[in-house]
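A.B. asks:
In this note's numbering, the protein residues as written are 89 to 313.
If you want it as structure tokens, here you go:
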């Protein structure tokens with residue numbers, strides 16, 4: 089049976105293309121804003137394109153802000169893509185500023201691109217951290233991914249950084265904190281490397297689900313008891 093992954097639907101982002109990419113790498117994917125369905129999934133993907141304050145407003149209206157914090161605290165794998173990654177931070181300066189989910193310590197700020205055009209749109213080489221992560225399994229240390237953004241996160245803890253890129257100045261483009269994984273780029277638009285990363289996330293979700301099932305089984309009384 090394929091692993092069940094839910095794409096969080098809060099009305100912003102390319103949800104269907106993410107769903108199709110997940111299905112391409114073997115997941116059973118669904119797009120939903122139903123909290124019970126999201127709780128039942130082995131993993132969650134939070135996509136997003138648009139403004140940070142509006143996205144946080146939508147998550148709050150749907151009660152999905154607390155659900156995402158709850159799922160990460162419970163150890164459920166969650167992948168944030170583009171704006172979905174930024175929302176995990178404490179706050180953003182975009183459009184006057186707004187508080188985020190507070191899953192990853194740090195702030196999201198305007199991309200310091202110097203004389204380069206914003207938004208940053210196109211392929212950019214990502215340098216991954218030496219510490220590695222199951223999300224990066226099988227990917228080279230330097231690999232190109234497709235970016236579309238004008239803001240980027242600044243994590244408080246350098247240990248949360250999985251990958252960086254450069255556009256005018258260096259910026260953080262991949263993070264991990266506990267069971268939360270975030271990428272500023274769009275893996276669903278990044279050809280083979282992007283599909284490999286999504287496939288790795290599906291594997292992370294499958295392993296987490298198997299571990300949970302094993303723990304539940306160990307807690308059940310035996311038939312002979």
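Note that CB positions come from ideal geometry on N, CA and C, so glycine has one too.
Here's the rule I'm using: 16 or more other beta-carbon atoms within 10 Å means buried, otherwise exposed. How should residue 207 be labelled?
C.D. replies: Within a 10 Å sphere around the beta-carbon of residue 207 sit fewer than 16 other beta-carbons, which makes this residue exposed.
A.B. asks: Quick check: the segment 279 to 292 against the segment 216 to 231, are there 3 or more CB pairs under 8 Å?
C.D. replies: yes
A.B. asks: Given a cut-off of 8 Å, decide if residue 98 and residue 157 are closer than it, judged by their beta-carbon atoms.
C.D. replies: no
A.B. asks: Use the C-beta contact count for residue 312: other C-beta atoms within 10 angstroms, 16 or more gives buried, fewer gives exposed.
C.D. replies: The pLDDT assigned to residue 312 is 46, lower than 50, so where the model puts this residue is not dependable, and the model offers no usable value.
A.B. asks: How would you label residue 267, buried or exposed, when you count the other beta carbons within 10 angstroms and need 16 or more for buried?
C.D. replies: buried
A.B. asks: Measure the beta-carbon distance from residue 106 to residue 297 and round it to whole angstroms, keeping in mind my assumption that it falls under 8 Å.
C.D. replies: With 8 Å as the limit, residue 106 and residue 297 do not qualify as a contact, their Cβ atoms being about 19 Å apart.
A.B. asks: Looking at C-alpha atoms only, which residue of 248, 166, 244, 231 is the closest neighbour of residue 254?
C.D. replies: 231
A.B. asks: Going by DSSP, name the residue or residues bridged to residue 212.
C.D. replies: 233
A.B. asks: Within 10 Å of its beta-carbon, does residue 159 have 16 or more other beta-carbons around it, so buried, or fewer, so exposed?
C.D. replies: buried
A.B. asks: Under a three-way DSSP split, which group does residue 292 fall into?
C.D. replies: helix
A.B. asks: How would you write the range of the alpha helix (DSSP H) that residue 146 sits in, first residue to last?
C.D. replies: 140 to 150
A.B. asks: If I measure Cβ to Cβ from residue 101 and keep anything under 6 Å in the same chain, skipping five residues before and after, which residues do I get?
C.D. replies: 135, 136, 137
A.B. asks: Can you tell me which of the three DSSP states residue 97 falls into?
C.D. replies: coil
A.B. asks: In whole angstroms, give me the CA-to-CA distance for residue 228 and residue 103.
C.D. replies: 27 Å
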